[in-house]
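Notes to accompany the following structure.
Residue numbers (the working numbering), protein chains in the order written: chain A, 511 to 1278; chain B, 511 to 1278.
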């Protein structure tokens, strides 16, 4: 026997007995090399069955010393295909059966020995014959169509449930932003980008969007809810524009409206709303991000001239990250420690002019650019230093504190800490707004990733079209629970926005705590969702043109600004511990912790062993089980937290140290509270929705969200004995099942977000 | 009684009995408002104790109808402070005791009734007296110093353990990159940035770093390990440079070296190593990212002219994301389906010239820029189309397939699938390299976040310096486990790099699977760590100058390129199922799954109820427990996976569908495998390390990593009955404790990474 250059033996198909084995031999070799032992076994087994020696024609084909060459394999395949001929339509033909057909095509009828040998060999090889045969013949397989996009409900009707308020305004703003002049330009240099964003902001102001929350006599609509809805809608467009808009009208405008009095409103609100007067909100200092009470900028009052001197005492006390400051603001709301006659009265807000009409920096003010940032490059963040800048008395925003004619301090709120927290409470608008903006970001990212996932194909069964990637379980597992979370969150955010927009009055502490918790949850959810969407879109996700890159970079800081998320969750935990009745002072916290440790311990109910073991779908899909589980967790965590704090303090630990020691527990408790709240809001909305396919879809999403949260924390639930191991497994399985059930709704569910193609813009997600 | 403008009653301190109560009254009011019921209770209680009516001077001070004004509170505080005088040094004075001192300072000695009333009132108020008093007097508190940076071990010695190989090279390259010409410039426009990166690459090539892996006769050092170490070190610098370097010398150079033969080496390697010949690696197509076998570019062989015609049949088949293609490459390694006489022979690699010496695009080639990307803007990614481009026969990289004189195809590997996977196996270098680069990214991010966290202060106990944020439990919880993970991963990566660099020979399938798993783990860990570091640095983290923004944007695509992580983990799972003995073909997988379902079921050991309940530290800190738990999980998951696949296939499900159905299980299994592997490598390295403080620190890190992984998956461990609830809780507690124990080591642990300040560059992490 000769060996050709490529190592193949000079084999021929002249032995008729060989024909029936061709398909199997081809698979054995082409499949990537059986090891020697296996080949010898097969050879021996086949030979025995055929009552022949290994040295026959067939035997030579399975000799590991003489593997067939590439050309041999090609010839084998050609012979099989030629012989199969019309058989290509035959489905589920085993390799053995195919071999018999090949032999017959050559006029050879295999005997019973050979047929038995074929079957035995196929079994020894362990391949699924029909699949292998189909690959050889390139036929297509029956069944398993891609999940059909089930248009079971109307996206428009779903959109009405998702965004029930300010619908006209939302549509008007979406249409406005869809104009060609608002098209994205990813290549603008930073300075031009900033100017573009400034022009866009001016265009929004000209249409009256900026002043929506201001009183009508100053050009506004007196509708706080409308302003929030506008901000949320801007979250579907360029986030630099949204932030610029929020700084000017929400933070700067809001500070004058809420911390100032009538004289300030008369003087500033109209120009501010039209962007005639660009301003900024200078609270944060380099040294003090979250700890506003300890900021160091000073406002010294001089009774002789009735003026303040604003001073930045150290470089650490410069105002930092101030949006609008680096390029455009003329006036700044500056937070500083009020000092009268050497006596400090806490943080107050002052209006400090920083630029003249020509844009020149005013004397004794220093402004620096923060430089390039991860994202939001259309926003001019800057730093401010004040070198004893003098401002008249009227520049004190005096609704919570003023200085009488005699130079003495006066405030409607005597307690300095209460005054401080009341003033900070005006920040709630920023937190509500960012929570909603993050929601818009998550919706954009999911729309892009789900539309792409439903069209992109990769890999697939042999001889078939590749599979739609959204039909892969891992892909579903990554996107469906996040879609459900986004839906769930929607309703808690709607409630928050409505309560925030309701006429003030009554106790706002619960609202502040709720805003803190939902801001943290929503922004972390957005960061996580955008990241997942980016990864699910692979290389396409990395290209700026597909929007995910920009969404990721721009929204990343949401978890930090308007209150660092970890700090906000601690605020919420303290509010829970004190039953919202207190400001978040540590001493009060402690007092209440002692009380709660007693009270809550009795509130937590006994576990029912039947329920901890129940694993049927009806039970697990019941909102009562879902809400009950999340509420039980919250109560347990809160009671345990109170007990732990109390124990530490009773042992003589300082309150601050006790809190640090239990800090992770606080954050976990706050998280549990937010999740329970979200499911409850969701279920409330579902109960109010008219019966129909929309409501059914929402119920599935509620179950997916709730069970996915329980699944994620099933370690804890088992530790506490709330879930038996079998039940935890059942939850896990049901989450998979729900992912499958939500999948066919995925496209209409993201269509229901109603994001215009012009705003979405990603070529991978928008029909050209 | 009159009321002043600010609402304060005209109260005076003329009742001597009032003096002792001043501190407590101040706290009650200043603290932010007791509710009415509480005030009335306090009033009644106090009055009863003092045997007086509520209408007395004292009673008026707690009248909720007449809260004191801001000025009153200021006067109270001034009076207390004046009276306290020298007492400011007194620590741990209760409010009652302080009150007595205030009274005494005014010459009044409280009687026993009053003393009792004071104590009772303090208790009713529920405040911690000493803390409140300290706040009033602004004294500082004893104890609780910030965790001292314990220089218990030498960072240099630790660095020797972390990076035992190629130390001279690493130091040389770090020093080279620290030169001023390698300083970062965050403001370069994209085109200039690309040129800068190209110049940097040329400078590296001139120093011999590019050719390290090539044979010496072509200007190299013949040291694959050195090349990987250089790439890893570049991961501390600009990642665009690292990727550009990797594309030119690793992918393009590697393809010629490994897929080509001597004639190609002679002709190209020297110019390639000096960057005289810039090239690119054109594998990925728009329509086919991960599914390389099905890419559509065709290379048609014409026997008459012994030439190939390269063609892009559809727009979907354009080469995409190709690094170096948009601006610099002159030659491309193009992967295409080889076609001879209408017969396909699978994917092969061809050298296709795309640009002339002057940079002009060659005829019939189309090149487009991919446009702006999330990151890596210094790399010129492009798209390539070929319109029947003719190349001579010698441009086929023919080490795995050639065409004989007679026009017939020949290959040393007959099986097409084996040939394909062998060829793909040459990609392993990219995966090993990216795993190490991601490791460098995580080390940079942790160094920045930990150094900043150890210097940044926010909030703190009353009247004291603010607390170092790294001493907060939540901060420790976020950074210490990630630091431990980074350390743990280091040793598995060292082993991987060493095995990869070892002379080829033997079965590389285990190595390929290991590289796939560690690449996925390391890049996800980097993405997660950079994100966490960014959030831990707050606003500072968002500024580009602090490097985290760039690290985040640049490294994000690591989870996608060189193999999508989810796809890679499935490859690993298939390798585990087939015991590495097979190529990852589905038919083989199935055969082995049947076998394993039987074998593994018997391998999983029985649970010992004593062990499942053991919660003592000695047991939990024992590497045998940690590794044992992770190994048990891996074995269980693998056996269950094999059983699930078998069940589905036995029921008649198609293999492909069975795999999709169990896909999340596959990914989980692969993850479990990688984690077990990492802990084992870590423990092996610890055992080899000399006894001393470095080894002790490493042991703590191993425990933290292992227990943190067990904690994260305690839901599963409990479901399986491996951990009792009490043991799961004990693990959770111990993770917290280990975070505390690792915290003092945090600074030297990141110093041990040895990243030069010039490369780290972040002002928040580098002494000026």
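Heads up, the beta-carbon is just placed ideally off N, CA and C, and yes, glycines get one too.
- Using Cβ-Cβ distances below 7 Å, what residues of the segment 906 to 921 of chain A are close to chain B? Contacts with chain B (Cβ-Cβ distance below 7 Å) from the segment 906 to 921 of chain A involve 914, 918, 919, 920, 921, listed in chain order.
- Item | From A:622, A:1086, A:902, residue whose alpha carbon lies closest to that of residue 1020 of chain A | Ranking A:622, A:1086, A:902 by CA distance to the CA of residue 1020 of chain A puts A:1086 first.
- Query: Going along the segment 826 to 838 of chain B in order, which residues come within less than 9 Å of chain A, judged by CB to CB distance?
  - Reply: For the segment 826 to 838 of chain B, the residues whose beta carbon sits under 9 Å from a beta carbon of chain A are, in order, 830, 831.
- Counting only the same chain and skipping the five closest in sequence on each side, list residues whose C-beta sits under 6 Å from that of residue 683 of chain A. Excluding residues within five positions, the ones whose Cβ falls inside 6 Å are 740, 743.
- Query: Which residues, in chain order, does the segment 759 to 778 of chain B contribute to contact with chain A at a C-beta distance below 7 Å?
  - Reply: Listed by position along the chain: nothing, the set is empty.
- Message: I'd like the list of long-range same chain contacts for residue 530 of chain B, defined as Cβ closer than 7 Å, with 5 residues on each side in sequence excluded.
- Response: Taken in chain order, the residues that qualify are 609, 610, 612, 613, 620, 624, 628.
- Identity of the residue in B:928, B:731, B:758, B:727 nearest residue 776 of chain B by Cα: When only C-alpha atoms are compared, the closest one is B:727.
- Nearest to residue 1267 of chain A by alpha carbon, out of A:1174, A:900, A:1206, A:957? For the residues A:1174, A:900, A:1206, A:957, the minimum Cα distance to residue 1267 of chain A belongs to A:957.
- Query: Using the C-alpha atoms, what's the distance from residue 686 of chain B back to residue 718 of chain B?
  - Reply: Cα-Cα distance, rounded: 12 Å.
- Using a Cβ cut-off of 7 Å, which residues of the segment 871 to 898 of chain B contact any Cβ in chain A, in chain order? Those would be 880, 881, 882, 883, 884, in chain order.
- Pair every Cβ in the segment 942 to 950 of chain A with every Cβ in the segment 964 to 981 of chain A, then say whether three or more of these pairs are closer than 8 Å. The segment 942 to 950 of chain A, when compared against the segment 964 to 981 of chain A, does not touch it at the 8 Å Cβ threshold.
- Query: Is there a Cβ from chain A that is less than 9 Å from the Cβ of residue 740 of chain B?
  - Reply: Residue contact check for residue 740 of chain B against chain A: no CB pair falls below 9 Å.
- Message: Within a Cβ cutoff of 8 Å, which residues of the same chain sit near residue 1123 of chain A, ignoring the five residues on either side of it in sequence?
- Response: Its chain contains 1234, 1236, 1237 as the residues whose beta carbon lies nearer than 8 Å to that of residue 1123 of chain A, once the 5 sequence neighbours on both sides are disregarded; these appear in chain order.
- Query: Which first and last residues belong to the alpha helix (DSSP H) in which residue 773 of chain A is found?
  - Reply: For residue 773 of chain A, the enclosing alpha helix (DSSP H) stretches over residues 772 to 783.
- Item | Where residue 812 of chain A sits in the DSSP three-state scheme | Assignment of residue 812 of chain A by DSSP, reduced to helix, strand and coil, places it in the strand class.
- For residue 1172 of chain B and residue 1154 of chain B, the rounded distance between their alpha carbons: Counting only the Cα atoms, residue 1172 of chain B lies some 7 Å from residue 1154 of chain B.
- Query: Given that residue 696 of chain A touches chain B, what residues does it touch there, using C-beta distances under 8 Å?
  - Reply: Taking the beta carbon of residue 696 of chain A as reference, the chain B residues within 8 Å of it are 881, 882, listed in sequence order.
- Message: So, for residue 784 of chain A: in the same chain, excluding its five sequence neighbours on each side, which residues have a beta-carbon less than 8 Å away from its beta-carbon?
- Response: Counting only Cβ-Cβ distances below 8 Å, and skipping sequence neighbours, we find 715, 716, 720, 721, 729.
- Query: Going by alpha carbons, who is nearest to residue 1207 of chain A out of A:1029, A:1257, A:839?
  - Reply: If we check each option's Cα against that of residue 1207 of chain A, A:1257 comes out closest.
- Would you check if the segment 980 to 991 of chain A and the segment 814 to 824 of chain B touch, i.e. whether three or more CB-CB distances between them fall below 8 Å? Taking 8 Å as the limit for Cβ pairs, the verdict is that the segment 980 to 991 of chain A does not touch the segment 814 to 824 of chain B.
- Message: Any C-beta of chain B within less than 9 Å: which residues of the segment 1053 to 1074 of chain A qualify?
- Response: Those would be 1053, 1054, 1055, 1058, 1059, 1060, 1062, 1063, 1066, 1067, 1069, 1070, 1071, 1074, in chain order.
- Among B:1254, B:528, B:913, the one whose alpha carbon lies nearest that of residue 981 of chain B: The shortest Cα separation from residue 981 of chain B among B:1254, B:528, B:913 belongs to B:1254.
- Which residues DSSP lists as bridging residue 790 of chain B, in chain order: BP columns for residue 790 of chain B point to B:842.
- For residue 798 of chain B, which beta-bridge partners are listed by DSSP? Partner(s): B:795.
- Run down chain A in chain order and give the residues with a C-beta less than 7 Å from the C-beta of residue 1045 of chain B. Chain A residues near residue 1045 of chain B: 1069, 1070.
- Message: Our contact map puts residue 924 of chain A next to residue 577 of chain B with C-beta atoms below 8 Å; I'd like the distance itself, whole angstroms only.
- Response: At roughly 6 Å, the Cβ-Cβ gap stays under 8 Å, so residue 924 of chain A and residue 577 of chain B are in contact.
- Proximity of residue 843 of chain A and residue 827 of chain A at Cβ, strictly below 9 Å: Taking 9 Å as the cut-off, the beta carbon of residue 843 of chain A is found no closer than this to the beta carbon of residue 827 of chain A.
- Task: Taking residue 953 of chain A and residue 996 of chain A to be in contact with their CB atoms under 8 Å, please state how far apart those CB atoms are, rounded to whole angstroms.
- Result: Distance from residue 953 of chain A to residue 996 of chain A at the Cβ level is roughly 6 Å; contact confirmed, criterion being Cβ atoms closer than 8 Å.
- Under 8 Å between beta-carbons, which chain B residues line up against residue 823 of chain A? List them in chain order, please. Simply none; closest approach about 16 Å.
- Message: Counting only Cβ pairs nearer than 8 Å, list the residues of chain B close to residue 604 of chain A.
- Response: Those within 8 Å of residue 604 of chain A in chain B number zero; the least Cβ separation is about 13 Å.
- To which residues of the same chain is residue 534 of chain B closer than 8 Å at the C-beta, ignoring the five residues directly before and after it? The beta carbon of residue 534 of chain B lies closer than 8 Å to those of 605, 606, 609, 628, 631, 632, 635 in the same chain, with the five residues before and after it left out.
- Message: Looking at chain A, is there any beta carbon in it that lies within less than 9 Å of the beta carbon of residue 526 of chain B?
- Response: It does not: the Cβ of residue 526 of chain B has no partner Cβ on chain A nearer than 9 Å.
- Query: Less than 9 Å separating the beta-carbons of residue 1150 of chain A and residue 1232 of chain A?
  - Reply: No; because the gap between Cβ atoms is not below 9 Å, this pair is not in contact.
- Quick one: using the 10 Å Cβ neighbour count with 16 as the cut-off for buried, is residue 1118 of chain B buried or exposed? By the neighbour-count criterion, in which a residue is buried when 16 or more other Cβ atoms sit within 10 angstroms of its Cβ, residue 1118 of chain B is exposed.
- Message: Let me check you understand the geometry: is the CB of residue 1149 of chain B closer than 8 Å to at least one non-hydrogen atom of the ligand FMN?
- Response: Absence of the ligand FMN is noted for the structure shown, with no ligands found whatsoever.
- Task: Might you give, ordered along the chain, the residues of its own chain that have their beta carbon closer than 7 Å to the beta carbon of residue 660 of chain A, omitting 5 neighbours on each side?
- Result: The predicted model places residue 660 of chain A with a pLDDT of 49, which falls under 50 and marks its position as unreliable; any figure quoted below should be read in that light. Answer for residue 660 of chain A: 1254, 1255, listed in chain order.
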